[in-house]
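To start, the structure itself, in structure tokens.
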Amino acid sequence: MAAVKSKGALVGNRLAIASVLVITLIFLAPIYWIASTAFKPRALATTVPPTVVFAPEITPFIKLFTKRVQLTKPVDPAAYDAAPWWEQRILDNGERVLRTGANVQLSAYPSRFMNSLIIAITSTVLAVGMGTLTAYGFSRFRIAGEKDMLFFILSTRMLPPVVVAIPMFLMYRAVGMTDTHIGLIILYTAFNLSFSVWLMKGFMDEIPKEYEEAALVDGYTRMEAFFKIVLPEAATGIAATAVFCFITAWNEYAFALIMTNRRAQTAPPFIPSQLGSGVIDWTVIAAGTFLFLLPVAIFTFALRGHLLRGVTFGAIRK
Amino acid sequence: MAMAAMTRLDPQSRAAARGWSDLSIRNLFILPTLAFLIVFNIFPLIYSLGYSFTDFRASTNAPANFIGLKNYRDLLGDEFIWNNFVVTAKYVLVSVAGQVLVGFGIALLLNRAFPFKGLVTTLLLLPMMMSMAVVGLFWKLLYDPSWGIINYIFRLGDFAWLSNRDAALYAVAITDIWMWSPFVMLLSLAGLSAVPKHLYEAAAIDRAGKWYTFRRITLPLVAPILLIAIIFRTMEAFKTFDLAYIMSSQDTTELISIKLYKMAFQEWQTGKSSALAYIVLIMVLAITNIYVKYLNRVKER
Numbered sequence: 001m002a003a004v005k006s007k008g009a010l011v012g013n014r015l016a017i018a019s020v021l022v023i024t025l026i027f028l029a030p031i032y033w034i035a036s037t038a039f040k041p042r043a044l045a046t047t048v049p050p051t052v053v054f055a056p057e058i059t060p061f062i063k064l065f066t067k068r069v070q071l072t073k074p075v076d077p078a079a080y081d082a083a084p085w086w087e088q089r090i091l092d093n094g095e096r097v098l099r100t101g102a103n104v105q106l107s108a109y110p111s112r113f114m115n116s117l118i119i120a121i122t123s124t125v126l127a128v129g130m131g132t133l134t135a136y137g138f139s140r141f142r143i144a145g146e147k148d149m150l151f152f153i154l155s156t157r158m159l160p161p162v163v164v165a166i167p168m169f170l171m172y173r174a175v176g177m178t179d180t181h182i183g184l185i186i187l188y189t190a191f192n193l194s195f196s197v198w199l200m201k202g203f204m205d206e207i208p209k210e211y212e213e214a215a216l217v218d219g220y221t222r223m224e225a226f227f228k229i230v231l232p233e234a235a236t237g238i239a240a241t242a243v244f245c246f247i248t249a250w251n252e253y254a255f256a257l258i259m260t261n262r263r264a265q266t267a268p269p270f271i272p273s274q275l276g277s278g279v280i281d282w283t284v285i286a287a288g289t290f291l292f293l294l295p296v297a298i299f300t301f302a303l304r305g306h307l308l309r310g311v312t313f314g315a316i317r318k
Numbered sequence: 001m002a003m004a005a006m007t008r009l010d011p012q013s014r015a016a017a018r019g020w021s022d023l024s025i026r027n028l029f030i031l032p033t034l035a036f037l038i039v040f041n042i043f044p045l046i047y048s049l050g051y052s053f054t055d056f057r058a059s060t061n062a063p064a065n066f067i068g069l070k071n072y073r074d075l076l077g078d079e080f081i082w083n084n085f086v087v088t089a090k091y092v093l094v095s096v097a098g099q100v101l102v103g104f105g106i107a108l109l110l111n112r113a114f115p116f117k118g119l120v121t122t123l124l125l126l127p128m129m130m131s132m133a134v135v136g137l138f139w140k141l142l143y144d145p146s147w148g149i150i151n152y153i154f155r156l157g158d159f160a161w162l163s164n165r166d167a168a169l170y171a172v173a174i175t176d177i178w179m180w181s182p183f184v185m186l187l188s189l190a191g192l193s194a195v196p197k198h199l200y201e202a203a204a205i206d207r208a209g210k211w212y213t214f215r216r217i218t219l220p221l222v223a224p225i226l227l228i229a230i231i232f233r234t235m236e237a238f239k240t241f242d243l244a245y246i247m248s249s250q251d252t253t254e255l256i257s258i259k260l261y262k263m264a265f266q267e268w269q270t271g272k273s274s275a276l277a278y279i280v281l282i283m284v285l286a287i288t289n290i291y292v293k294y295l296n297r298v299k300e301r
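Protein chains in written order, with our numbering: chain A, 1 to 318; chain B, 1 to 301.
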């Protein structure tokens, strides 16, 4: 294996690595830009030329979470000193925080973020739970027309959201389920279920049948063998599938746009809708985007060994 | 039910012999999923198939009138709808071609050992994990004509990418390329790493040129997996809604999904949009069919 490499090949290799690093920086630039905008003072967000070096501040995040109005008269210095530090940041910007009684009024962002969390987590649990069982069924038992059924399951995933949304909207409207959490949970569960079946089937196929067969011989029932032998073996696969389902549900836009408008609205339709409302403060939008993207970035690192499998529905495992 | 399943049974007992038969476990595990998908995906489609033969409008209380195939005839004869399909085809072509060039190119560069390779690869994959809607939103910031960094870096003055009729579609496609090249890269990397090293060694002994080696060894062996990437991205690009809808409101970026959305939820032409949904659906299912066929072929290797 000790291939002798020419000097030219070595230089070529170095060049390739250098260009990969440059390309990586270019690819990350947009993400860096939105992240840095989230920490900029408002006046520096839209400067020409763009501001690269600045003192980061967290005022955009304070604004993101609070309801504010423009100050109409100068702040009383005593009141300014009495205000907590985060409120002073708002006052510095010529705005004041709205309160009901003593309570600070929250902006819509935290509730949209919570909706996203509730809907993504619930639909993930349902999709992965049902998907794991179904994958085990397809992996271990002989089923007539198995290939056709698996194709049917996958094809439901490929349906364009707007196509499904037209009849679902009418049905939800008829039973009063538009703008409800459960409405979106059902849609996301259906959407992730096929993915979860395919991905879990790949993981199930990798667990040797001999494990359960040995357990069956030892007097376990099939159910016991499934819960005590197969499930623990499949834990990594289940976790990876769950993270993928969570990200898909977390990111989904079209269904959320069509089916919700306020009460159950998730973050993806909400964040861009801020653009339409009056004066645009890009630092606040960037702060909202930054918080929204953060979990996905963390999960991407957690998933890095399974990404290939995930994006090919378990077909390519490497 | 679950309790009974969890109880340890004496293997000799008759209870164990009765137990849950494999057949009932199989049904218990599979049928709920099939039922769920049928109720929430197939039934709605049947429901809208019915509406596609009517002039129903969900915004009024007027009853739906059966009008036969009129919706389909109107749609297929409507030059504006054809224009939406042309826009979509252009978008698919530009963005998928871009993704393959960039993604495969990066994969070729990445296909060697170097420090922090894993970290670099994961960082490159970040864009494709993000929400299309949010990506579209923050690319608007980058494309801004007066203070966006893209115009600043490329010295483009106040060129308005997203409100320029001719440039908008390409601007959206560039964002899509940024987002999804990593996908092609990921699959290409898997294909490249599966090429047996000894083939390259044999080629080196035969003093085969770099281009020749690439064309005769690398490309044919990576082709099947690259094809999967292309089919999948074609299907996804064909369905694109979020990105283009958020980024631009030009009629030159009105992809078929956007037209469908507007027809159904802004113009409330429920019957007609159901018909259009069916036309789109059939096209998507055709691509899906090809995709699954290739997926199974690569899987069996």
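Where is the CB? At the ideal position from N, CA and C, for every residue including glycine.
Could you check if Leu81 (chain B) is buried or exposed, using at least 16 other CB atoms within 10 Å of its CB as the buried criterion? As a first step, residue 81 (chain B) must be located in the second sequence, where it is residue number 81. One point to set straight first is that residue 81 (chain B) is Ile, not Leu, in the sequence displayed. It is buried - the Cβ of Ile81 (chain B) has at least 16 other Cβ atoms within 10 Å.
Indicate the three-state DSSP secondary structure (helix, strand or coil) for Thr54 (chain B) in the structure shown. Within the second sequence, residue 54 (chain B) is the residue found at index 54, counting from 1. If DSSP states are grouped into helix, strand and coil, Thr54 (chain B) belongs with the strands.
Answer with yes or no whether the minimum CB distance from Ala277 (chain B) to chain A is below 8 Å. Counting from one through the second sequence, the residue named residue 277 (chain B) turns up at place 277. Yes, because at least one Cβ of chain A sits closer than 8 Å to the Cβ of Ala277 (chain B).
How many angstroms separate the CA atom of Ile119 (chain A) from the CA atom of His181 (chain A)? What you label residue 119 (chain A) is simply residue 119 of the first sequence in a count that begins at 1. What you label residue 181 (chain A) is simply residue 181 of the first sequence in a count that begins at 1. Going from the Cα of Ile119 (chain A) to the Cα of His181 (chain A) covers about 6 Å.
Please determine, among B:Ile46, B:Lys70, B:Ile42, B:Leu45, the residue with the shortest C-alpha to C-alpha distance to Asp55 (chain B). Walking along the second sequence from the start, residue 55 (chain B) turns up at place 55. Nearest of B:Ile46, B:Lys70, B:Ile42, B:Leu45 to Asp55 (chain B), Cα basis: B:Lys70.
Thr122 (chain B) touches chain A at which residues, Cβ-Cβ below 7 Å? Counted from its first residue, the second sequence places residue 122 (chain B) at position 122. Chain A residues near Thr122 (chain B): Thr300, Phe301, Arg304.
What did DSSP end up calling Phe66 (chain B) once you bin it into helix, strand or coil? For the purposes of this step, residue 66 (chain B) is taken as the residue at position 66 of the second sequence. Strand.
Taking 8 Å as the CB-CB cut-off, is Met185 (chain B) touching chain A? Taking the second sequence and counting its residues from 1, the one referred to as residue 185 (chain B) is at position 185. Chain A, which has no Cβ nearer than 8 Å to the Cβ of Met185 (chain B), makes this no.
Short check: CB of Arg222 (chain A) to CB of Trp20 (chain B), under 8 Å? The residue given as residue 222 (chain A) occupies position 222 in the first sequence. The residue given as residue 20 (chain B) occupies position 20 in the second sequence. Result yes, Cβ atoms of Arg222 (chain A) and Trp20 (chain B) sit closer than 8 Å.
Whole alpha helix (DSSP H) runs in the region 177–244 of chain A with 4 or more residues, listed along the chain? 181–206, 209–217, 222–225
Assign Ala5 (chain B) to one of three DSSP states: helix, strand, or coil. Here residue 5 (chain B) corresponds to residue number 5 of the second sequence, with the count starting at 1. Any reading at Ala5 (chain B) must be qualified, since the residue scores a pLDDT of 41, below 50, and its modelled position is unreliable; no value is offered.
Counted within 10 angstroms of its Cβ, other Cβ atoms place Arg198 (chain B) as buried (16 or more) or exposed: Counted from its first residue, the second sequence places residue 198 (chain B) at position 198. Sequence check: residue 198 (chain B) is His here, not Arg. Exposed, since its Cβ has fewer than 16 Cβ neighbours within 10 Å.
CB contact below 8 Å: Ser19 (chain A) versus chain B: Residue 19 (chain A) sits at position 19 when you count from the first residue of the first sequence. Output row for Ser19 (chain A): interface = yes.
Straight-line CA distance for Tyr271 (chain A) to Thr134 (chain A)? As a first step, residue 271 (chain A) must be located in the first sequence, where it is residue number 271. As a first step, residue 134 (chain A) must be located in the first sequence, where it is residue number 134. Here residue 271 (chain A) turns out to be Ile, not Tyr, going by the sequence shown. For Ile271 (chain A) and Thr134 (chain A), the distance between alpha carbons rounds to 36 Å.
Alpha carbons only, please: which of B:Ile287, B:Gln269, B:Glu254, B:Ile230 is nearest the one belonging to Phe104 (chain B)? Against the second sequence, residue 104 (chain B) aligns to sequence position 104. Per the Cα distances, B:Ile230.
If we ignore side chains and look at the alpha-carbon of each, how far apart do Arg309 (chain A) and Leu303 (chain A) end up? For the purposes of this step, residue 309 (chain A) is taken as the residue at position 309 of the first sequence. For the purposes of this step, residue 303 (chain A) is taken as the residue at position 303 of the first sequence. Arg309 (chain A) and Leu303 (chain A): Cα-Cα distance of roughly 10 Å.
Report the partner residues of Glu267 (chain B) according to the DSSP bridge assignment. Indexing the second sequence from 1 puts residue 267 (chain B) at position 267. None; Glu267 (chain B) has no bridge partner.
Taking all protein chains shown into account, decide if Gly148 (chain B) is buried (16 or more other Cβ within 10 angstroms of its Cβ) or exposed. Taking the first residue of the second sequence as position 1, residue 148 (chain B) is located at position 148. Burial call: buried.
Looking at C-beta atoms only, is the number of pairs between the region 258–276 of chain B and the region 51–67 of chain B that lie closer than 8 Å three or more? yes
Taking the beta strand (DSSP E) that Val69 (chain A) falls in, what are its first and last residues? By 1-based counting over the first sequence, the position of residue 69 (chain A) is 69. Here the beta strand (DSSP E) through Val69 (chain A) covers 68–70.
Span separating the alpha-carbon of Ala4 (chain B) from that of Gly137 (chain A): Here residue 4 (chain B) is taken as the residue at index 4 of the second sequence, counted from 1. Here residue 137 (chain A) is taken as the residue at index 137 of the first sequence, counted from 1. Because the pLDDT at Ala4 (chain B) is just 39, under 50, the model does not fix this residue reliably, and the value given afterwards should be weighed accordingly. Using only the alpha carbons, I get a separation of about 19 Å.
What does a CB cutoff of less than 8 Å around Thr7 (chain B) pick up in its chain, not counting 5 residues either side in sequence? Against the second sequence, residue 7 (chain B) aligns to sequence position 7. Only weak support is given to the placement of Thr7 (chain B): the predicted model assigns it a pLDDT of 45, under 50, and the value that follows is read from those uncertain coordinates. Cβ neighbours of Thr7 (chain B) beyond the five flanking positions: none.
Trp282 (chain A) burial status per 10 Å Cβ neighbour count (16 or more: buried): In the first sequence, the residue the question calls residue 282 (chain A) occupies position 282. Looking at its Cβ environment, which holds 16 or more other Cβ atoms inside 10 Å, Trp282 (chain A) is buried.
From the DSSP secondary-structure annotation, give me the bridge partner or partners of Glu95 (chain A). Against the first sequence, residue 95 (chain A) aligns to sequence position 95. Paired residues: A:Gln70.
Where Leu23 (chain B) falls, given that 16 or more other Cβ within 10 Å makes a residue buried: In the second sequence, counting from the first residue as 1, residue 23 (chain B) sits at position 23. Exposed: under 16 other Cβ atoms inside 10 Å.
So what does DSSP say about Gly305 (chain A), is it helix, strand or coil? Here residue 305 (chain A) is taken as the residue at index 305 of the first sequence, counted from 1. Of the three classes helix, strand and coil, the one that applies to Gly305 (chain A) here is helix, per DSSP.
Can you determine whether any heavy atom of the ligand NAD sits closer than 7 Å to the C-beta of Tyr200 (chain B), and answer yes or no? In the structure on display, the ligand NAD does not appear, and there are no ligands present to speak of.
Which residue wins for smallest C-alpha separation from Ile58 (chain A), given the options A:Thr72, A:Val52, A:Thr37? As a working note, residue 58 (chain A) is residue 58 in the first sequence. Measuring from the Cα of Ile58 (chain A), the nearest candidate turns out to be A:Thr37.
Just to check my reading of the structure: Ala264 (chain A) and Asp179 (chain A) have Cβ atoms closer than 8 Å, yes? What is that Cβ distance to the nearest angstrom? Indexing the first sequence from 1 puts residue 264 (chain A) at position 264. Indexing the first sequence from 1 puts residue 179 (chain A) at position 179. Right, the Cβ-Cβ distance comes to about 5 Å (below 8 Å), so this counts as a contact.
Residue range of the alpha helix (DSSP H) that Phe159 (chain B) falls in? By 1-based counting over the second sequence, the position of residue 159 (chain B) is 159. Unbroken run through Phe159 (chain B): none, as it is neither H nor E.
Straight-line Cα distance separating Glu267 (chain B) from Trp328 (chain B): This structure cannot settle anything about residue 328 (chain B), because the visible part of chain B is limited to 1 through 301.
In this structure, how does DSSP classify Asn41 (chain B) when only helix, strand and coil are distinguished? For the purposes of this step, residue 41 (chain B) is taken as the residue at position 41 of the second sequence. It is helical.
Since Ser188 (chain B) and Val222 (chain B) are thought to touch, with beta carbons under 8 Å apart, how far apart are those beta carbons, to the nearest angstrom? On the second sequence, position 188 is the one that residue 188 (chain B) refers to. On the second sequence, position 222 is the one that residue 222 (chain B) refers to. So it is a contact: roughly 6 Å between Cβ atoms.
Are Met129 (chain B) and Thr300 (chain A) closer than 8 Å when you measure CB to CB? The count along the second sequence starts at 1 and reaches residue 129 (chain B) at position 129. The count along the first sequence starts at 1 and reaches residue 300 (chain A) at position 300. Cβ atoms of Met129 (chain B) and Thr300 (chain A): closer than 8 Å.
Hey, quick one: how far does the alpha helix (DSSP H) through Gly131 (chain A) stretch, first residue to last? Residue numbering aside, residue 131 (chain A) sits at position 131 when the first sequence is read from its first letter. Unbroken alpha helix (DSSP H) run through Gly131 (chain A): 109–140.
Counting only beta-carbon separations shorter than 8 Å, does Ile247 (chain A) have a partner in chain B? On the first sequence, residue 247 (chain A) is found 247 positions in, with the first residue counted as 1. Closer than 8 Å: yes.
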